[in-house]
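*Asks:* Here you go, one structure.
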Amino acid sequence: MAGWITKGGNGAQTSIVDGKQHILLMPAWFVIGILLVIPVLVMLIYSFLTQDFRGGVIWEFTLEAYDQFFIDRGLFGDEPARIEWTYLGIFWRSFLQALFAMVFCFLIGFPTAYFIATRAPKSRSFWLFLITIPYWVNLLIRTVSMKFLIRDTGPLNNWLMSWGVIDDPISMINTNFAIQLGLFYSYLPFMVLPIYASIERYNFALSEAAADLYSNRWTTLFKVVIPAVKPGIIAGCILVFIPSLGAFLAPDLLGGAKNFMIGSLVEEQFKGQSGDWPFGAAVSMILLTIIMIILLFYARAQSRDNNGGH
Amino acid sequence: MTDTHAIDIVSVTKVYPHRTDPVVALDNISFSIGDNEFFTLLGPSGCGKTTLLRMIGGFEDITKGQILLFGDDISRLQSNQRPVNTVFQQYALFPHLTVYENVAFGLKRLGRDTDFIKTQTHAMLELIRMAEFAERKPSQLSGGQQQRVALARALAPQPKVLLLDEPLSALDLKLRQAMREELKEIQKHTGITFIFVTHDQEEALTMSDRIAVMSNGQVQQIGSPKEIYDNPTNIFVANFIGEANILKAKVTGPEKSPAKASKAKASKAQAAAKDQVKLCVDLECGIKGLNIFSQSQFQKGKQINVMIRPERIQIKPLSRGRGKVNTVGGTVKSISYLGTDTQVQLLLDDGESLLARLQNTIDATSSFGVGNKVEITIPEIAIRALSE
Chain A
199 MAGWITKGGN GAQTSIVDGK QHILLMPAWF VIGILLVIPV LVMLIYSFLT QDFRGGVIWE
259 FTLEAYDQFF IDRGLFGDEP ARIEWTYLGI FWRSFLQALF AMVFCFLIGF PTAYFIATRA
319 PKSRSFWLFL ITIPYWVNLL IRTVSMKFLI RDTGPLNNWL MSWGVIDDPI SMINTNFAIQ
379 LGLFYSYLPF MVLPIYASIE RYNFALSEAA ADLYSNRWTT LFKVVIPAVK PGIIAGCILV
439 FIPSLGAFLA PDLLGGAKNF MIGSLVEEQF KGQSGDWPFG AAVSMILLTI IMIILLFYAR
499 AQSRDNNGGH
Chain B
545 MTDTHAIDIV SVTKVYPHRT DPVVALDNIS FSIGDNEFFT LLGPSGCGKT TLLRMIGGFE
605 DITKGQILLF GDDISRLQSN QRPVNTVFQQ YALFPHLTVY ENVAFGLKRL GRDTDFIKTQ
665 THAMLELIRM AEFAERKPSQ LSGGQQQRVA LARALAPQPK VLLLDEPLSA LDLKLRQAMR
725 EELKEIQKHT GITFIFVTHD QEEALTMSDR IAVMSNGQVQ QIGSPKEIYD NPTNIFVANF
785 IGEANILKAK VTGPEKSPAK ASKAKASKAQ AAAKDQVKLC VDLECGIKGL NIFSQSQFQK
845 GKQINVMIRP ERIQIKPLSR GRGKVNTVGG TVKSISYLGT DTQVQLLLDD GESLLARLQN
905 TIDATSSFGV GNKVEITIPE IAIRALSE
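Protein chains in written order, with this note's numbering: chain A, 199 to 508; chain B, 545 to 932.
Here's what the structure looks like:
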């Protein structure tokens, strides 16, 4: 690298880069190509292949996996085709779980981000540091610890009982509440950080202007602050919603078999000998498609906003 | 101006607490601003002018004292409960709202009925000649346009007092000059009391009915632009407003009977400068027995500072005649051409320097050059004694 810098060293910056664009773009191509495009293509192709019963695939193209997802032909495949509700149900439940996780993360994350962004500049990094400390521990370990905290004989129930709030332990494991708790705890920083970045750039003179123009705290918040930091909020929501939709650790460990989510469904297909790789790939592709559609709608709304309307 | 006071500042103090050294931003200041007045708070940065404005707007707590709005104590009210509006320094327009929505914002929060909001907002947009920009976002406007929208937004709820926090500082010179006229006009048209904060003395002089010159958290002087320029009370005001030569002098007593020639002039000036006494002083540079105006009485024999504006000083090439009144000799140190004026730096024979400013009439300035000996006349009527 030193070679081509010295060669063009006396020229302007453009001459250094001239003709080397493809070299300089290599890291970008590597990330986009090798780490994103090729894996997705592999997944797409696998979703159209035939299942091998010991795991893996047979190279015969078929729509079997998608058929299995959407259409119910009875146990032996000889009944008239009906809509298969099992997997759509799992999708719907996952969707709701992710939506709730997103809302909870927002309700807690926004005030947190606002609090941090309004501290003195020196102490902000300290608060951000506090937020990120738990994430130095592996997600699996955190989720398992959560399970220990909320189990029937865990500290949470013990405290509640010793304070006399409850007489019998509340069974929290294997409930939607446990999943929500897990998702919330896993993804809260993804909500806090983008909102924090937006609020930090927010011009607080706007809040003063709103107060000057007869707004109370709430109208200032809803009419001025939130619209102004909307990009951060939307980024935070996307960053929480999408991984929550495909999460499998929290639902698996905290939700149990009853509360099956997309992530667990996909994981199941690639685990051990009973897996069905094409089906797992197909479920992933369907999830990916749904997410792409959501993001497209968002991008279109965004560009309409930026064009200043009429 | 009427006798009604729009704002009364009653012994207001502002202290920013700090463990080791608390900062006193405003030190027990009191004054009143009349209804319908264009009142300017003028001073260098850090003098407390913006703090005072923000206290009137409700954005800063008052450590001690009271602020009255048309006789009512508003000190404890939140800013959204005060019938005053602010034009912010960087405009602070709501970026997600259109020009129309920005201007209508205050009226909507006040819960005015829809028809009124519509007519009032349109009237404001007409007033600032921005009707055709109603649907634009602030980011699509130029600095001057944003400035006008900020003004319209603050005027729309018909505040009792309008606060303007250095509203012109972000504009370029031409635009700033045009906006001065426009602001003054709008103030007359609406009849609202304007309280204007600036560090620009020219802005203050051209726009204001009255000016309060502030420094170090204290009001140095309050008066009309002419009063402040012609009769500054102390060195700070003399130096901050325009240019001033400060000379040392010694008080020799009360006014001596004025020379016959200047008697008529003197009495005219006396009428213009009420509440002033006359002193007889000797300037340190050699001119003796001058009768000058002073706002306070001084003991005989006291060393004081006196001020003279550069444009009041007259320069002539050295001539033979002796015993001229109020004249000293000096040398031209430098000459700078300023277009309408020429600025001449003079070195008096006793070593003091003096700044003079001569108008560039057709025949002026060419009569002497750098290094020339000249005769400098300091008219006594233009000299003012300054208090400590």
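C-beta: ideal position from N, C-alpha, C; glycine also.
Source: prediction; values computed, not measured.
If you measure beta-carbon to beta-carbon, which residues of the stretch 638-664 of chain B are closer than 7 Å to chain A?
*Replies:* 638, 639, 640, 649, 650, 653, 654
*Asks:* Indicate whether at least one CB of chain B lies closer than 7 Å to the CB of residue 299 of chain A.
*Replies:* Sequence index remark: in the first sequence, residue 299 of chain A carries index 101 (1-based). Not closer than 7 Å to any Cβ of chain B, the Cβ of residue 299 of chain A fails to qualify, so no.
*Asks:* Give me the Cα-Cα distance between residue 903 of chain B and residue 857 of chain B, rounded to the nearest whole angstrom.
*Replies:* What you label residue 903 of chain B is simply residue 359 of the second sequence in a count that begins at 1. What you label residue 857 of chain B is simply residue 313 of the second sequence in a count that begins at 1. If I take the Cα positions, the gap works out to 11 Å.
*Asks:* How many Å lie between residue 806 of chain B and residue 743 of chain B at the Cα?
*Replies:* The sequence position of residue 806 of chain B within the second sequence is 262, counting from 1. The sequence position of residue 743 of chain B within the second sequence is 199, counting from 1. Any reading at residue 806 of chain B needs caution, since the residue's pLDDT is 49, under 50, leaving its predicted position unreliable; the model's value is listed next. Going by the C-alpha atoms only, they are around 37 Å apart.
*Asks:* Within 10 Å of its beta-carbon, does residue 722 of chain B have 16 or more other beta-carbons around it, so buried, or fewer, so exposed?
*Replies:* Counting from one through the second sequence, the residue named residue 722 of chain B turns up at place 178. So residue 722 of chain B counts as exposed.
*Asks:* From residue 590 of chain B to residue 216 of chain A, what does the alpha carbon distance come to, in whole angstroms?
*Replies:* Position 46 of the second sequence, counting from 1, holds the residue named residue 590 of chain B. Position 18 of the first sequence, counting from 1, holds the residue named residue 216 of chain A. Roughly 51 Å separates the two Cα atoms.
*Asks:* Can you tell me the Cα-Cα spacing of residue 305 of chain A and residue 232 of chain A, whole angstroms?
*Replies:* If you number the first sequence from 1, residue 305 of chain A lands on position 107. If you number the first sequence from 1, residue 232 of chain A lands on position 34. Between residue 305 of chain A and residue 232 of chain A, the C-alpha separation is close to 37 Å.
*Asks:* What did DSSP end up calling residue 905 of chain B once you bin it into helix, strand or coil?
*Replies:* Taking the first residue of the second sequence as position 1, residue 905 of chain B is located at position 361. Residue state, collapsed to three classes: coil.
*Asks:* So what's residue 777 of chain B in DSSP terms, helix, strand or just coil?
*Replies:* To locate residue 777 of chain B, count along the second sequence from 1; it is residue 233. In the structure shown, residue 777 of chain B sits in coil (DSSP, three-state: anything other than H, G, I, E or B).
*Asks:* Does the beta carbon of residue 624 of chain B come closer than 7 Å to any beta carbon on chain C?
*Replies:* Absence of chain C from the displayed structure is noted, the protein chains being A and B.
*Asks:* Give the secondary structure of residue 571 of chain B by DSSP, where H, G and I count as helix, E and B as strand, and everything else as coil.
*Replies:* Position 27 of the second sequence, counted from the first residue, corresponds to residue 571 of chain B. Strand.
*Asks:* Whose C-beta lies closer than 7 Å to the C-beta of residue 140 of chain A among residues of the same chain, with five residues either side of it excluded?
*Replies:* Because chain A here runs from 199 to 508, residue 140 of chain A falls outside it and cannot be looked at.
*Asks:* I need the straight-line Cα distance from residue 737 of chain B to residue 746 of chain B, nearest angstrom please.
*Replies:* Position 193 of the second sequence, counted from the first residue, corresponds to residue 737 of chain B. Position 202 of the second sequence, counted from the first residue, corresponds to residue 746 of chain B. The straight-line gap from Cα to Cα measures roughly 20 Å.
*Asks:* Expressed to the nearest angstrom, what Euclidean distance is found between the alpha-carbon atoms of residue 382 of chain A and residue 559 of chain B?
*Replies:* The residue labelled residue 382 of chain A in the question sits at position 184 within the first sequence. The residue labelled residue 559 of chain B in the question sits at position 15 within the second sequence. Taking the straight line joining both Cα atoms gives about 44 Å.
*Asks:* Looking at residue 582 of chain B and the ligand MG, is the gap between the Cβ and the nearest heavy atom below 6 Å?
*Replies:* Absence of the ligand MG from the depicted structure is noted, as is the absence of any ligand whatsoever, leaving it without description.
*Asks:* Start and end of the beta strand (DSSP E) containing residue 792 of chain B?
*Replies:* Translated into the one-based positions of the second sequence, residue 792 of chain B becomes position 248. Element bounds for residue 792 of chain B: 789-798.
*Asks:* Using a 10 Å radius around the Cβ and a threshold of 16 neighbouring Cβ atoms, would you call residue 388 of chain A buried or exposed?
*Replies:* In the first sequence, the residue the question calls residue 388 of chain A occupies position 190. By the 10 Å Cβ count, residue 388 of chain A comes out buried.
*Asks:* Check each candidate in B:608, B:600, B:740 and name the one with the smallest Cα separation from residue 568 of chain B.
*Replies:* Along the second sequence, one-based indexing puts residue 568 of chain B at 24. For residue 568 of chain B, the closest of B:608, B:600, B:740 by C-alpha to C-alpha distance is B:608.
*Asks:* In whole angstroms, what is the alpha-carbon distance linking residue 662 of chain B and residue 633 of chain B?
*Replies:* To locate residue 662 of chain B, count along the second sequence from 1; it is residue 118. To locate residue 633 of chain B, count along the second sequence from 1; it is residue 89. Each residue's Cα considered, the two are about 27 Å apart.
*Asks:* So, at 8 Å on beta carbons, what are the nonlocal neighbours of residue 456 of chain A in its own chain, with the 5 sequence-adjacent residues on each side left out?
*Replies:* Along the first sequence, one-based indexing puts residue 456 of chain A at 258. The answer, listed in chain order, is 372.
*Asks:* Are the C-beta atoms of residue 445 of chain A and some chain B residue less than 7 Å apart?
*Replies:* Counted from its first residue, the first sequence places residue 445 of chain A at position 247. By this cut-off, residue 445 of chain A is not an interface position.
*Asks:* Using 8 Å as the Cβ pair cut-off and three pairs as the minimum, do the stretch 300-319 of chain A and the stretch 427-439 of chain A touch?
*Replies:* yes
*Asks:* Cα separation between residue 553 of chain B and residue 574 of chain B?
*Replies:* If you number the second sequence from 1, residue 553 of chain B lands on position 9. If you number the second sequence from 1, residue 574 of chain B lands on position 30. Taking the straight line joining both Cα atoms gives about 5 Å.
*Asks:* Taking C-alpha atoms, which residue in B:731, B:728, B:657, B:648 lies nearest to residue 949 of chain B?
*Replies:* Shown here, chain B extends from 545 to 932; a query on residue 949 of chain B therefore has no answer.
*Asks:* Flag this pair as yes or no: are the beta carbons of residue 637 of chain B and residue 646 of chain B separated by less than 7 Å?
*Replies:* As a first step, residue 637 of chain B must be located in the second sequence, where it is residue number 93. As a first step, residue 646 of chain B must be located in the second sequence, where it is residue number 102. Against a cut-off of 7 Å, the Cβ pair of residue 646 of chain B and residue 637 of chain B comes out as a contact.
*Asks:* Can you have a look at residue 252 of chain A and say buried or exposed, based on whether 16 or more other CB atoms are within 10 angstroms of its CB?
*Replies:* Working through the first sequence from its first residue, we reach residue 252 of chain A at position 54. The residue is exposed, with fewer than 16 neighbouring Cβ atoms inside 10 Å.
*Asks:* For residue 548 of chain B, which of B:688, B:599, B:624, B:615 has the nearest alpha-carbon?
*Replies:* Residue numbering aside, residue 548 of chain B sits at position 4 when the second sequence is read from its first letter. Per the Cα distances, B:615.
*Asks:* Within the same chain, show all residues whose beta-carbon is closer than 7 Å to that of residue 563 of chain B, passing over the 5 residues directly before and after it, in chain order.
*Replies:* Locating residue 563 of chain B in the second sequence gives position 19, where the first residue counts as 1. Hits under 7 Å: none found.
*Asks:* If you measure beta-carbon to beta-carbon, which residues of the stretch 414-442 of chain A are closer than 7 Å to chain B?
*Replies:* 414, 417, 422, 425, 426
*Asks:* Among B:762, B:731, B:699, B:780, which residue has its Cα nearest to the Cα of residue 412 of chain A?
*Replies:* The sequence position of residue 412 of chain A within the first sequence is 214, counting from 1. Comparing alpha carbon positions, the residue from B:762, B:731, B:699, B:780 closest to residue 412 of chain A is B:699.
*Asks:* Short of 8 Å Cβ to Cβ, which residues in the stretch 393-415 of chain A face chain B?
*Replies:* 401, 403, 404, 406, 407, 408, 409, 410, 411, 412, 413, 414
*Asks:* At what residues does the alpha helix (DSSP H) containing residue 358 of chain A begin and finish?
*Replies:* The residue you call residue 358 of chain A lines up with position 160 of the first sequence. First-last of the alpha helix (DSSP H) with residue 358 of chain A: 353-360.
*Asks:* Could you check if residue 378 of chain A is buried or exposed, using at least 16 other CB atoms within 10 Å of its CB as the buried criterion?
*Replies:* Against the first sequence, residue 378 of chain A aligns to sequence position 180. Counting Cβ neighbours within 10 Å, residue 378 of chain A comes out buried, since at least 16 surround it.
*Asks:* Using a Cβ-Cβ cut-off of 7 Å, state whether residue 636 of chain B counts as contacting chain A.
*Replies:* Along the second sequence, one-based indexing puts residue 636 of chain B at 92. By this cut-off, residue 636 of chain B is an interface position.
*Asks:* How close, in whole Å, do the beta carbons of residue 849 of chain B and residue 927 of chain B come, if the pair is a contact with beta carbons under 8 Å?
*Replies:* Position 305 of the second sequence, counted from the start, is the residue given in the question as residue 849 of chain B. Position 383 of the second sequence, counted from the start, is the residue given in the question as residue 927 of chain B. Not quite, the Cβ-Cβ distance comes to about 11 Å (not below 8 Å), so this is no contact.
*Asks:* So, helix, strand or coil for residue 928 of chain B, using DSSP?
*Replies:* As a working mapping, residue 928 of chain B is identified with position 384 in the second sequence. The answer is strand: DSSP assigns residue 928 of chain B an E or B state.
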